[in-house]
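Under the working numbering, the first residue of the sequence shown is numbered 563, with each subsequent residue one higher.
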Amino acid sequence: MHNGIRMTTLVKRAMLICAGVLFTYEAALGSAHTALASTEDEAKSVQLVSEIQSSLAPKEAPKQYNGQVRKVAYLTFDDGPGKYTAELLDMLKKENAKATFFLIGSNVKAFPDLVKREDAEGHYVGMHSMTHNYKKLYTEGRYVDEMKEDQGLIAGVLGKSPVLTRPSYGSMPGLNEALRNKVVENGLKVWDWTIDSLDWKYNKMQVDAASAKIVENVLAHATNPTEVILMHDIHPQSVKAVPGIIKGLKEKGYELEAYSENEHFPLNFWHDNRM
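Here's what the structure looks like:
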């Protein structure tokens with residue numbers, strides 16, 4: 563575990579970096595993911611913040627079964643659903659693997675049948691905001707408002723209201739104490755991640771080569787009994803990487819499960835156990 567001084571230094575560095583990397587995401591209805599940074603330097607900054615955040619993420623205490631540690635991996639997919647989601651669901655079904663999906667509001671409206679299929683096939687459907695806009699979500703303090711609106715759209719499709727949210731760009735530094743208090747007051751939960759696949763980074767690379775990079779990255783970092791893996795189902799290379807990731811994780815002894823509200827455990831970069 564990091565000591566307090568180390569953690570404080572990393573958090574301050576992440577906040578300084580993020581302060582200069584406030585960028586807008588326009589949710590594409592099944593189109594390729596808009597670049598997370600407009601310049602190479604910004605992209606490197608985003609990657610550094612992600613690496614710092616992942617290093618701070620807490621791990622769930624391992625469960626013991628017959629003297630053995632049970633290893634569980636949670637594949638999570640942000641920004642969908644989109645035009646690659648059906649293919650992804652086919653893969654997950656074939657591999658008997660479950661996943662967790664964090665949806666953008668406009669894509670819930672555009673692809674309600676995919677939302678229904680995600681739920682019907684045993685995956686968890688959660689919220690990822692309406693705008694994916696850092697300034698609106700964090701600077702203007704609209705995180706909970708957007709998640710509640712997204713929640714309402716999902717409830718309109720599924721007839722039930724999920725509680726788990728995935729913060730756009732991660733919870734640190736944007737999801738400050740005031741916003742976290744509001745999250746708790748509204749009965750919502752927050753999940754960051756322990757492994758960033760960096761799948762968005764390979765948008766300009768040939769799909770086969772890109773997917774191989776993603777598989778390599780995920781498997782290299784899967785070392786703990788519980789891993790929550792950040793991916794996006796709006797990139798072709800991300801979806802193509804999934805069979806290799808599942809195969810490698812199973813070979814390492816992991817079971818692939820979906821998030822369960824009844825078995826929630828805190829996983830956020832703030833180590834705020836309330837959410």
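Every residue, glycine too, gets a C-beta built ideally from N, C-alpha and C.
Just so you know, these numbers come straight off a predicted model, no measurement behind them.
Tell me which same chain residues have a C-beta within less than 6 Å of the C-beta of residue i, skipping the five on either side of it?
| i | result |
| --- | --- |
| Asp834 | Arg742 |
| Lys633 | Pro787, Gly815, Tyr816 |
| Lys698 | Arg704 |
| Tyr686 | Thr662, Ala820, Tyr821 |
| Leu618 | Model confidence at Leu618 stands at a pLDDT of 46, short of 50, so the residue's coordinates are unreliable; what they give is reported in the following sentence. If we look at Leu618 and ignore the five residues flanking it on each side, its Cβ neighbours are Phe831. |
| Lys838 | The requested residue 838 is not part of the displayed model; the chain covers only 563 to 837. |
| Glu739 | none |
| Ala635 | Glu789, Leu811, Tyr816, Leu818 |
| Ala717 | Ser723 |
| Pro674 | Val719 |
| Ala594 | Because the pLDDT at Ala594 is just 36, under 50, the model does not fix this residue reliably, and the point stays unresolved. |
Would you list the one or two residues that DSSP bridges to residue i?
| i | result |
| --- | --- |
| Asp754 | BP columns for Asp754 are empty, so no partner. |
| Asp640 | Phe664, His794 |
| Lys633 | Tyr816 |
| Gly688 | Phe664 |
| Thr701 | Partner(s): none; Thr701 has no beta bridge. |
| Leu676 | Its beta-bridge partners do not exist; DSSP assigns none. |
| Thr788 | Val634 |
| Leu829 | Trp753 |
Please work out which residues of its chain come closer than 7 Å, Cβ to Cβ, to residue i, disregarding the five sequence neighbours upstream and downstream, and give them in chain order.
| i | result |
| --- | --- |
| His783 | Ile757 |
| Ile808 | Glu657, Ala659, Leu818 |
| Ala648 | Leu676 |
| Asn748 | Val706, Lys710 |
| Val780 | Ile757, Ser759, Ile791, Ile807 |
| Lys655 | Glu683 |
| Gly702 | One point to set straight first is that residue 702 is Glu, not Gly, in the sequence displayed. Answer for Glu702: no residue qualifies. |
| Asp681 | Val687, Leu720 |
| Ala772 | Tyr764, Gln799 |
Within a Cβ cutoff of 8 Å, which residues of the same chain sit near residue i, ignoring the five residues on either side of it in sequence?
| i | result |
| --- | --- |
| His826 | Leu726, Lys751 |
| Asp770 | Lys802 |
| Ala774 | Ala803, Gly806 |
| Met837 | Arg742, Val745, Val746, Leu750, Lys751, Val752, Pro828, Asn830 |
| Met767 | Lys775, Gln799 |
| Asp603 | Low confidence applies to Asp603: its pLDDT is 40, below 50, so where it sits in the model is not reliable, and the reading given next is rough at best. There are no such residues. |
| Arg679 | Ala648, Leu651 |
So residue i and residue j are supposed to be a Cβ contact under 8 Å. How far apart are they, rounded?
| i | j | result |
| --- | --- | --- |
| Gly644 | Asp795 | 6 Å |
| Val790 | Trp755 | 5 Å |
| Gly720 | Lys671 | For the sequence presented, residue 720 should be read as Leu rather than Gly. Rounded, the Cβ-Cβ distance is 14 Å, inconsistent with contact. |
| Tyr700 | Leu650 | Wrong, their Cβ atoms sit about 29 Å apart, outside the cutoff. |
| Leu811 | Asp640 | Going by Cβ atoms, the distance from Leu811 to Asp640 rounds to 19 Å, so no, they are not a contact pair. |
| Asn765 | His797 | 7 Å |
(request) Say whether the segment 666-681 touches the segment 699-717, bearing in mind that this needs 3 or more beta-carbon pairs closer than 8 Å, one atom from each stretch. (result) The answer is yes - the segment 699-717 touches the segment 666-681, with three or more Cβ pairs under 8 Å.
(request) Answer yes if the segment 726-735 comes into contact with the segment 680-698, meaning at least three C-beta pairs across the two stretches below 8 Å, and no otherwise. (result) For the pair of segments examined, the segment 680-698 was found to touch the segment 726-735: the number of CB pairs separated by less than 8 Å reaches three.
(request) Return the chain-ordered ranges of every alpha helix (DSSP H) run that is complete within the segment 715-761 and spans a minimum of 4 residues. (result) As far as the segment 715-761 is concerned, its whole alpha helix (DSSP H) runs of at least 4 residues are 739-747.
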